[in-house]
Every structure is written in structure tokens, then in C-alpha cells.
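Q: Those protein sequence lines, which keep their order, are chains X and W. Take 599 as the starting number for the first sequence in this note's numbering and just add one per residue. Take 599 as the starting number for the second sequence in this note's numbering and just add one per residue.
Number of protein chains: 2
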Amino acid sequence: MLQTESDIIGHLRAAFPQRDDIAPLGIGDDTARLAPGWDLVTMDTMTEGVHFERRYASYGDIAFRALSANLSDIAAMGGEPGPFLISLAIPKPGFDEPALQSLIRGFVDCLDAHQVKQCVPIGGDVVRSAGGFTLSITLLGHSPAPGPVLRTGAQAGDVIVVFRALGASALGLELLQRGEQDRFPALARAHLRPLVDVQLGAAIGQASVVSSMLDLSDGLWTDLPRLLQGGIGARIDADCLPQHEDILECAEYLGVSAIQMALTGGEDFTLLATVPHAKLETLRDLASLVGCKMTAIGEIVAESGVTFEHSGRPLQVDDSAFRHF
Amino acid sequence: MLQTESDIIGHLRAAFPQRDDIAPLGIGDDTARLAPGWDLVTMDTMTEGVHFERRYASYGDIAFRALSANLSDIAAMGGEPGPFLISLAIPKPGFDEPALQSLIRGFVDCLDAHQVKQCVPIGGDVVRSAGGFTLSITLLGHSPAPGPVLRTGAQAGDVIVVFRALGASALGLELLQRGEQDRFPALARAHLRPLVDVQLGAAIGQASVVSSMLDLSDGLWTDLPRLLQGGIGARIDADCLPQHEDILECAEYLGVSAIQMALTGGEDFTLLATVPHAKLETLRDLASLVGCKMTAIGEIVAESGVTFEHSGRPLQVDDSAFRHF
Numbered sequence: 599m600l601q602t603e604s605d606i607i608g609h610l611r612a613a614f615p616q617r618d619d620i621a622p623l624g625i626g627d628d629t630a631r632l633a634p635g636w637d638l639v640t641m642d643t644m645t646e647g648v649h650f651e652r653r654y655a656s657y658g659d660i661a662f663r664a665l666s667a668n669l670s671d672i673a674a675m676g677g678e679p680g681p682f683l684i685s686l687a688i689p690k691p692g693f694d695e696p697a698l699q700s701l702i703r704g705f706v707d708c709l710d711a712h713q714v715k716q717c718v719p720i721g722g723d724v725v726r727s728a729g730g731f732t733l734s735i736t737l738l739g740h741s742p743a744p745g746p747v748l749r750t751g752a753q754a755g756d757v758i759v760v761f762r763a764l765g766a767s768a769l770g771l772e773l774l775q776r777g778e779q780d781r782f783p784a785l786a787r788a789h790l791r792p793l794v795d796v797q798l799g800a801a802i803g804q805a806s807v808v809s810s811m812l813d814l815s816d817g818l819w820t821d822l823p824r825l826l827q828g829g830i831g832a833r834i835d836a837d838c839l840p841q842h843e844d845i846l847e848c849a850e851y852l853g854v855s856a857i858q859m860a861l862t863g864g865e866d867f868t869l870l871a872t873v874p875h876a877k878l879e880t881l882r883d884l885a886s887l888v889g890c891k892m893t894a895i896g897e898i899v900a901e902s903g904v905t906f907e908h909s910g911r912p913l914q915v916d917d918s919a920f921r922h923f
Numbered sequence: 599m600l601q602t603e604s605d606i607i608g609h610l611r612a613a614f615p616q617r618d619d620i621a622p623l624g625i626g627d628d629t630a631r632l633a634p635g636w637d638l639v640t641m642d643t644m645t646e647g648v649h650f651e652r653r654y655a656s657y658g659d660i661a662f663r664a665l666s667a668n669l670s671d672i673a674a675m676g677g678e679p680g681p682f683l684i685s686l687a688i689p690k691p692g693f694d695e696p697a698l699q700s701l702i703r704g705f706v707d708c709l710d711a712h713q714v715k716q717c718v719p720i721g722g723d724v725v726r727s728a729g730g731f732t733l734s735i736t737l738l739g740h741s742p743a744p745g746p747v748l749r750t751g752a753q754a755g756d757v758i759v760v761f762r763a764l765g766a767s768a769l770g771l772e773l774l775q776r777g778e779q780d781r782f783p784a785l786a787r788a789h790l791r792p793l794v795d796v797q798l799g800a801a802i803g804q805a806s807v808v809s810s811m812l813d814l815s816d817g818l819w820t821d822l823p824r825l826l827q828g829g830i831g832a833r834i835d836a837d838c839l840p841q842h843e844d845i846l847e848c849a850e851y852l853g854v855s856a857i858q859m860a861l862t863g864g865e866d867f868t869l870l871a872t873v874p875h876a877k878l879e880t881l882r883d884l885a886s887l888v889g890c891k892m893t894a895i896g897e898i899v900a901e902s903g904v905t906f907e908h909s910g911r912p913l914q915v916d917d918s919a920f921r922h923f
């Protein structure tokens with residue numbers, strides 16, 4: 599039985615040993631104290647009934663996914679992830695010791711899967727919730743030496759690239775909601791336990807090779823305009839979108855368009871970058887070195903607005919798909 | 599009408615101009631970027647139905663109180679508060695533009711009331727909630743030059759001090775829940791819009807004058823043992839607790855013991871410190887300089903455990919009072 603906030607904090611402290619090199623003061627005082635150099639900070643929150651349902655997501659899945667979302671934000675700056683703070687708002691009944699162990703295991707699994715050795719919990723807050731479970735994470739990170747990679751900086755003529763097939767997470771969510779995750783377990787996993795581009799982001803940051811970057815959390819259709827500042831636009835060729843057999847088969851099974859899912863599905867957490875033509879092959883090689891495959895999907899144009907083409911014709915995007923807000 | 603996360607972020611950006619000296623990259627990219635030197639970090643979460651009820655707390659009150667709780671954590675380290683991140687989980691209906699303006703006004707009021715000029719929002723997250731409203735804040739801060747003031751360090755013989763009358767917040771909550779806040783508006787205000795010891799904490803940190811410190815968020819009875827590490831104990835003389843006319847009158851009106859409220863009531867957010875006898879008068883003068891009054895309420899003893907005395911006799915503490923967890 600978990601009686602108090604102290605019990606929960608005690609379990610977290612036991613699971614994650616103090617790391618003086620990262621945060622000389624970790625869990626247990628009024629605040630944590632950071633070692634110098636953590637100059638990036640991001641915060642992501644996931645709430646029950648909006649970002650997940652307990653009927654298909656374990657506490658471990660929720661922890662994994664929330665931490666991945668934060669890791670992806672640091673990667674999108676070209677940075678390296680560091681210590682993090684965890685805020686748990688937990689409903690009174692139901693959050694017992696096995697639930698806490700599942701949550702801790704989810705954090706450990708996520709850290710192991712991404713091989714992020716400087717990423718440890720150093721503090722946070724534990725409170726009761728009168729509603730569902732809410733997990734909020736604050737993650738710190740190091741900027742790359744050339745400075746963080748911003749959302750601003752794209753220029754007309756730059757190539758737009760992604761590093762993974764899009765739509766997997768949205769299809770995985772649909773399967774989970776239908777209880778049919780066993781048909782395409784890799785897609786369900788892409789939603790519940792997303793692997794994000796931690797090494798790729800850091801490599802891109804060090805190499806100073808892209809003109810702008812973000813991570814796709816709300817879907818290409820929503821996120822791409824965030825790179826289009828100062829009157830520029832974009833042209834996307836849907837024929838060039840990276841393909842994935844599971845995605846095509848699952849879309850067919852569900853009777854939805856794989857292309858629409860790729861354009862509007864959220865939470866794929868792959869990096870979306872713009873790169874000058876002259877640096878395109880450098881970026882391709884860099885991605886390849888960390889095990890990722892770069893795909894050019896369009897270009898930045900001088901006129902504002904975004905156009906999508908498919909088989910040489912304009913494509914209407916159906917914006918009624920998956921959105922949290 | 600607030601349609602999207604972007605609308606809400608737009609209003610926050612407009613209310614709080616970018617401050618390059620504090621965070622060269624603020625609201626609007628994948629992460630914020632901090633100026634060097636913010637080495638303290640804390641996180642506090644407040645949830646509807648546990649930490650507040652919407653029937654008596656405006657969004658402005660909730661913002662004020664959540665930010666005060668974080669400011670108090672930095673003060674408890676002897677630090678100076680810096681930039682902060684805001685995570686909002688908002689229910690679909692009911693959070694309209696007036697609600698957002700009230701929330702923003704609450705942050706502004708809190709910052710003005712505490713005169714914290716380096717404290718600005720630099721990022722965060724806005725998500726939907728399927729339950730109530732949840733506000734989570736991550737606040738950064740600077741350690742004082744001698745290093746942060748820790749919870750460890752108290753020694754037998756040290757004097758235990760506080761800087762304000764205790765129990766005001768718990769009584770204020772009781773009034774609010776009864777709808778009788780107009781009888782003692784200062785107490786209701788102490789609960790909804792607590793003023794915390796920002797200047798005092800920073801002054802204590804610079805002067806390196808106390809042996810240990812924390813802020814009273816869960817009440818003296820719960821928080822004091824957190825300073826008692828390594829086998830030491832404490833003796834509290836309840837006759838010495840600072841008095842406050844409103845608290846005495848309100849306790850009598852409500853038919854509760856003012857002393858029990860002082861010992862067990864939460865969220866007074868005053869600093870609790872231990873100080874060597876030789877430095878007691880230095881601390882008293884220091885507190886006076888920033889407009890606070892130090893009161894000695896007991897001492898650290900060599901034997902473990904906490905004893906409370908009242909009129910020379912042992913006092914039983916009723917631990918059934920106000921607790922969030």
C-alpha cells in the first residue's frame with residue numbers, strides 16, 4: 599500500500615540513484631540543484647481521457663510516452679537530454695504499488711531504449727487528483743555547440759525532409775481504441791511507446807546542417823506551418839512520403855487513407871527539418887550514420903501557404919483527424 | 599472564443615514580453631533556452647477538487663497560489679526566483695477568454711506582489727483535460743553565493759524559528775468552503791493569494807546564517823521532521839507560536855483550536871529554519887531589514903522525535919486536520 603507522497607518519492611529515489619555530475623541536489627529537498635550547462639528546458643503534460651485511456655495504456659506506457667515526448671522536444675533543438683522532473687496527479691483509488699512500479703519501469707524502459715545516460719529524475723511533485731491520472735514532465739537539456747536549432751531559418755529553395763514513415767501513431771491509437779492492437783502490434787507500440795530521434799537530433803545539432811527543425815507532435819499538416827515564418831510557404835509531394843508496409847496494410851484494414859493519416863496523424867515524434875540543397879547529401883549521410891533514413895518530401899517556396907500534391911494533382915487535406923485540442 | 603493551444607500561447611506571449619537576459623529563447627519553439635546560472639529547479643502542481651474548488655477560487659487565484667508555492671520553494675533554498683514554465687490542463691467547456699485573462703492577471707498580480715523582476719514565463723504546455731483544471735508550474739532560480747540552504751544541517755541546540763503566524767491558510771480554506779470568507783477576508787486571501795518569503799529567503803541565503811530551512815507547505819507537524827535527519831529531534835513550545843488576532847478570532851468562531859491549526863494547517867508557505875544560538879540575533883536583524891519578524895518556537899534536541907509543549911505540559915497533536923495527500 600502506498601500511503602503518502604513520501605512513499606512514492608521513496609520508491610523513485612530507490613529506483614534512480616543520485617547523480618552528482620548531473621544534479622548535485624536531486625530528489626528530496628525543496629528544489630533540485632542543477633550542474634552548470636543545462637540551458638534547454640521543456641514541459642509536456644499527458645492527461646487521462648485525452649492523451650490516453652487506462653483500458654489500453656499501462657502506467658508504464660504512459661510514463662514511456664510522456665518522457666519520449668519531452669526527449670523529442672530536446673532532439674528538435676539539436677540538443678542532448680539531461681535531468682527531468684516528474685509531476686504526478688494520481689486518483690485516490692487504483693494507484694497502488696504495482697501501478698507505481700509499472701510507472702517507474704516505463705521510465706527505465708524509455709531511458710534504456712533511447713540510451714540517454716544523463717537523463718535522470720531529480721525532483722517534481724506528487725499530488726492527488728479528483729479526476730484522472732495526469733503526468734507532467736519537465737526535461738532539461740544541453741544546446742549543441744553551434745547553438746540550438748530553431749523553428750525559424752527556412753528559406754525558399756530549402757528541401758523539406760523527414761526521417762520516418764508518418765501516421766503510425768495515429769493508426770496505433772485507432773487500433774487500441776478498437777481493442778485490435780494485436781493485428782498490428784508495431785503500430786500500437788508506436789503509439790504507446792514511441793522511439794524518438796534522440797541521437798539524430800543531437801547529431802544534426804552538432805553538424806549545424808539544417809536551416810530549421812521541429813518534431814512532429816501534432817501532425818505534418820499542423821506542424822509544417824510553424825516552420826513557415828516571414829511569408830514563405832511549402833509544397834509537399836505526397837508521393838514522396840516514406841512508406842511503411844504496416845501502415846499501408848493497417849490503413850486498408852481500417853478503411854482510411856494512408857496519405858491522410860500521414861499528413862494529419864499526430865504524435866509520430868519524428869523530426870521535420872528544412873535543409874539547403876547544398877547540404878542535403880551531408881544530412882543524408884549523417885542520418886545514415888545514426889541508423890536513420892532521410893526522405894525529401896517537398897520544398898520551401900517563396901509564396902506563403904502550403905500546397906499538397908499527389909500524383910501531380912492538388913490534394914485536399916482532411917483536417918478532421920486526430921487532434922488533442 | 600479560444601479555439602486552440604496557439605490562441606492561448608498567443609495571449610501569454612502578448613502578456614509577458616520576451617526577456618533575452620533571462621531566457622534568450624522563450625515561448626514559441628520546441629523548448630525554451632535559459633541564460634546561464636539558473637541552477638535551481640522546482641515543480642508544483644495544483645488540481646481542481648483537491649487544491650482548490652472553482653466555486654470559491656478564480657483562475658487568477660489559482661495562478662497566484664500555484665506560482666507562490668513555487669516561489670516559496672526557491673526561497674526555502676535561499677535562492678532568487680527566475681523564469682518559469684506553465685502547464686495547463688483545461689476542461690473543454692468553461693475555459694474562455696475571460697478565464698484566460700483572469701489566469702494571466704493572477705500571474706501578473708503574484709509577480710507584482712512579490713517584486714520578482716527576473717520571474718517570467720518562458721514556455722510550457724497547454725492540453726485538454728477530461729476532468730478538472732490542473733496547473734503545473736516549473737520554476738527556475740539562482741542559488742545564493744554561499745550555496746543553497748538545505749534541509750539537512752540542523753544540530754542539537756539550534757533554535758527553531760518561523761517568520762509569520764501559522765494556520766491562516768487552513769482557516770481561510772475552511773471559511774471559503776463554508777462560503778464565509780467575508781467574515782475574515784485576510785484569512786481567505788492568505789489561502790487564495792499567499793504572499794511568500796521571497797526577499798527573506800534570498801537574504802537568508804546570502805547571509806549564510808541558518809543551519810537548515812524549508813517552507814511550511816504541509817504544516818509544522820508534517821514538515822518539521824523533514825529537518826530532523828541523523829537522529830536529532832525537536833521540542834516545540836506552543837506558547838511561543840506567533841499570534842495573530844484574525845487567527846484567534848476565526849478559530850474561536852469556527853470552534854477549533856488555534857494552536858492545533860497552527861501545528862497542522864498546511865500551505866502557510868512561511869519559512870521554517872534552524873539557527874545556531876550565536877547567529878540568532880543576526881537572523882532577527884536580517885528578517886527585520888526585509889520587513890519580517892522572527893519568532894523562536896523551540897529548539898533542536900539530541901534525542902530523536904518531536905515533542906510539543908503547551909503551558910508546560912505535553913500537547914497531543916491532532917493529525918486528522920487538513921492534508922492534501
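Glycine included, each C-beta is placed from N, C-alpha and C at the ideal position. Everything numeric in this text was worked out from a predicted model, so none of it was measured.
Where are the alpha helix (DSSP H) runs, 4 residues long or more, that stay fully inside the segment 712-784 of chain X, in chain order?
A: DSSP runs (the alpha helix (DSSP H)) wholly in the segment 712-784 of chain X: 766-776.
Q: Have a look at X/Arg703 and X/Ala612 and give me their C-alpha separation to the nearest angstrom.
A: Locating residue 703 of chain X in the first sequence gives position 105, where the first residue counts as 1. Locating residue 612 of chain X in the first sequence gives position 14, where the first residue counts as 1. Cα to Cα, X/Arg703 sits roughly 12 Å from X/Ala612.
Q: Pull up the distance between the alpha-carbon of X/Gly831 and that of X/Arg824, whole angstroms please.
A: Stepping through the first sequence from its first residue, residue 831 of chain X is reached at position 233. Stepping through the first sequence from its first residue, residue 824 of chain X is reached at position 226. Roughly 10 Å between the two C-alpha positions.
Q: Since X/Ala687 is in the alpha helix (DSSP H), which residue starts that stretch and which ends it?
A: Position 89 of the first sequence, counted from the first residue, corresponds to residue 687 of chain X. No alpha helix (DSSP H) holds X/Ala687; the beta strand (DSSP E) holding it covers Glu678 to Pro689.
Q: For the segment 672-692 of chain W against the segment 750-766 of chain W, are there 3 or more C-beta pairs whose distance is under 8 Å?
A: No: fewer than three Cβ pairs fall under 8 Å.
Q: Below 8 Å on the Cβ atoms is my guess for W/Thr736 versus W/Phe682; work out the distance and round it to an integer in Å.
A: By one-based count along the second sequence, residue 736 of chain W stands at place 138. By one-based count along the second sequence, residue 682 of chain W stands at place 84. Contact holds; Cβ gap of about 6 Å.
Q: In chain order, what residues of the same chain lie with their CB nearer than 7 Å to the CB of X/Ser656, ignoring the 5 residues before and after it?
A: Stepping through the first sequence from its first residue, residue 656 of chain X is reached at position 58. Counting only Cβ-Cβ distances below 7 Å, and skipping sequence neighbours, we find Ser700.
Q: Once DSSP output is grouped into helix, strand and coil, what is the label at W/Pro622?
A: Along the second sequence, read from residue 1 onward, the residue named residue 622 of chain W stands at position 24. Of the three classes helix, strand and coil, the one that applies to W/Pro622 here is coil, per DSSP.
Q: Would you mind sorting W/Gln858 into buried or exposed? The rule is 16 or more other CB atoms within 10 Å of its CB.
A: Here residue 858 of chain W refers to the residue found at position 260 of the second sequence. Under this definition W/Gln858 is a buried residue.
Q: Which residues in the same chain have their Cβ closer than 7 Å to the Cβ of X/Phe923, if we skip the five residues on either side of it in sequence?
A: Here residue 923 of chain X corresponds to residue number 325 of the first sequence, with the count starting at 1. Any reading at X/Phe923 must be qualified, since the residue scores a pLDDT of 44, below 50, and its modelled position is unreliable; the value itself is stated next. Closer than 7 Å at Cβ, skipping near neighbours: no residue.
Q: Would you list, in chain order, the members of the segment 625-659 of chain W that have their beta-carbon closer than 9 Å to a beta-carbon of chain X?
A: Of all residues in the segment 625-659 of chain W, Gly626, Asp627, Asp628, Thr629, Ala630, Arg631, Leu632, Ala633, Pro634, Gly635, Trp636, Asp637, Leu638, Val639, Thr640, Met641, Asp642, Thr643, Met644, Thr645, Glu646, Gly647, Val648 and His649 have a Cβ within less than 9 Å of some Cβ in chain X.
Q: What does the Cβ neighbour count give for W/Glu879, buried or exposed, with the cut at 16 atoms within 10 Å?
A: Taking the first residue of the second sequence as position 1, residue 879 of chain W is located at position 281. Label assigned to W/Glu879: exposed.
Q: So is the beta-carbon of X/Glu879 under 7 Å away from any non-hydrogen atom of the ligand GDP?
A: For the structure depicted, the ligand GDP is absent and the ligand set is empty, with no information on it obtainable.
Q: Here's the rule I'm using: 16 or more other beta-carbon atoms within 10 Å means buried, otherwise exposed. How should W/Asp883 be labelled?
A: Here the question's residue 883 of chain W lines up with position 285 in the second sequence. The residue is exposed, with fewer than 16 neighbouring Cβ atoms inside 10 Å.
Q: Report buried or exposed for W/Leu774, applying the criterion of at least 16 other Cβ atoms within 10 angstroms of its Cβ.
A: Within the second sequence, numbered from 1, the residue matching residue 774 of chain W stands at position 176. Per the 10 Å Cβ criterion, buried.
Q: Under the three-state reduction of DSSP, which class applies to X/Ser666: helix, strand or coil?
A: The residue labelled residue 666 of chain X in the question sits at position 68 within the first sequence. Three-state result, X/Ser666: helix.
Q: Within its chain, find whatever has a CB closer than 8 Å to the CB of X/Pro912; leave out the 5 residues flanking it on each side and keep chain order.
A: On the first sequence, position 314 is the one that residue 912 of chain X refers to. Contacts found: Thr905 and Phe906.
Q: Verify the CB distance criterion: does W/Arg617 have a CB-CB separation below 8 Å to chain X?
A: The sequence position of residue 617 of chain W within the second sequence is 19, counting from 1. Not one chain X Cβ lies under 8 Å of W/Arg617.
Q: Can you give me the Cβ contacts of X/Val915 inside the same chain, cut-off strictly under 8 Å, excluding the 5 residues immediately before and after it?
A: To locate residue 915 of chain X, count along the first sequence from 1; it is residue 317. Excluding residues within five positions, the ones whose Cβ falls inside 8 Å are Trp819, Gln858, Leu861, Thr862 and Phe906.
Q: Which same chain residues, not among the five before or five after X/Phe867, have their C-beta less than 7 Å away from its C-beta?
A: Counting from 1 along the first sequence, the entry for residue 867 of chain X is found at position 269. The answer, listed in chain order, is Ser666, Ala667, Ser670, Pro792, Val794, Asp813, Leu814 and Ser815.
Q: Could you work out which residues of chain W lie near X/Pro746, taking near to mean beta carbons separated by less than 7 Å?
A: Translated into the one-based positions of the first sequence, residue 746 of chain X becomes position 148. Chain W residues near X/Pro746: Leu623 and Arg631.
Q: Excluding sequence positions up to five away, which residues of its chain have a Cβ less than 6 Å from the Cβ of W/Ala661?
A: Taking the first residue of the second sequence as 1, we reach residue 661 of chain W at position 63. Once the five neighbours on either side are set aside, the close Cβ partners of W/Ala661 are Leu701, Gly704 and Phe705.
Q: Kindly identify the DSSP beta-bridge partner or partners of W/Phe906.
A: Counting from one through the second sequence, the residue named residue 906 of chain W turns up at place 308. Answer is W/Ile834, bridged to W/Phe906.
Q: Do X/Ile898 and X/Ala763 come within 8 Å of each other at the CB atom, strictly closer than that value?
A: Indexing the first sequence from 1 puts residue 763 of chain X at position 165. Indexing the first sequence from 1 puts residue 898 of chain X at position 300. Not a contact, by the Cβ cut-off of 8 Å.
Q: Indicate the three-state DSSP secondary structure (helix, strand or coil) for W/Phe923 in the structure shown.
A: Position 325 of the second sequence, counted from the first residue, corresponds to residue 923 of chain W. Any answer about W/Phe923 is weak, because its pLDDT of 44 lies below 50 and its placement is not dependable; what the coordinates show is given next. If DSSP states are grouped into helix, strand and coil, W/Phe923 belongs with coil.
Q: Spell out whether any CB of chain W is found under 8 Å from the CB atom of X/Ser734.
A: Translated into the one-based positions of the first sequence, residue 734 of chain X becomes position 136. So, interface residue.
Q: Check whether chain X comes within 8 Å of W/Arg703, counting only Cβ atoms and requiring the distance to be less than that.
A: Walking along the second sequence from the start, residue 703 of chain W turns up at place 105. Chain X, which has no Cβ nearer than 8 Å to the Cβ of W/Arg703, makes this no.
Q: Can you name the start and end residues of the alpha helix (DSSP H) that X/Met644 belongs to?
A: Locating residue 644 of chain X in the first sequence gives position 46, counting from the first residue. Per DSSP, X/Met644 belongs to no alpha helix (DSSP H); it is in the beta strand (DSSP E), Leu638 to Thr645.
Q: Could you tell me if W/Ala768 is buried or exposed, where buried requires 16 or more neighbouring beta carbons within 10 angstroms of its beta carbon?
A: The residue labelled residue 768 of chain W in the question sits at position 170 within the second sequence. The residue is buried, with at least 16 neighbouring Cβ atoms inside 10 Å.
Q: Mapping the DSSP letters down to three states, classify W/Phe705 as helix, strand or coil.
A: In the second sequence, residue 705 of chain W corresponds to position 107, counting from 1. It is helical.
Q: Using alpha carbons as the reference points, say which of W/Ser886, W/Leu610, W/Gly799 and W/Glu901 lies closest to W/Ala871.
A: Your numbering for residue 871 of chain W matches position 273 in the second sequence. The shortest Cα separation from W/Ala871 among W/Ser886, W/Leu610, W/Gly799 and W/Glu901 belongs to W/Gly799.
Q: Helix, strand or coil, according to DSSP, for W/Glu901 in the structure here?
A: Taking the second sequence and counting its residues from 1, the one referred to as residue 901 of chain W is at position 303. If DSSP states are grouped into helix, strand and coil, W/Glu901 belongs with coil.
Q: What did DSSP end up calling X/Ala633 once you bin it into helix, strand or coil?
A: In the first sequence, the residue the question calls residue 633 of chain X occupies position 35. It is coil, neither helix nor strand.
Q: Look up W/Asp605 in the DSSP assignment and say whether it is helix, strand or coil.
A: Along the second sequence, one-based indexing puts residue 605 of chain W at 7. Correct three-state label for W/Asp605: helix.
Q: Measure from the C-beta of X/Val794 to each C-beta in chain W and report whether the shortest distance is under 8 Å.
A: Within the first sequence, residue 794 of chain X is the residue found at index 196, counting from 1. Answer no: the Cβ-Cβ gap between X/Val794 and chain W never drops below 8 Å.
Q: State yes or no: is the C-beta of X/Ile672 within less than 8 Å of the C-beta of X/Leu709?
A: Working through the first sequence from its first residue, we reach residue 672 of chain X at position 74. Working through the first sequence from its first residue, we reach residue 709 of chain X at position 111. No. Outside cutoff.
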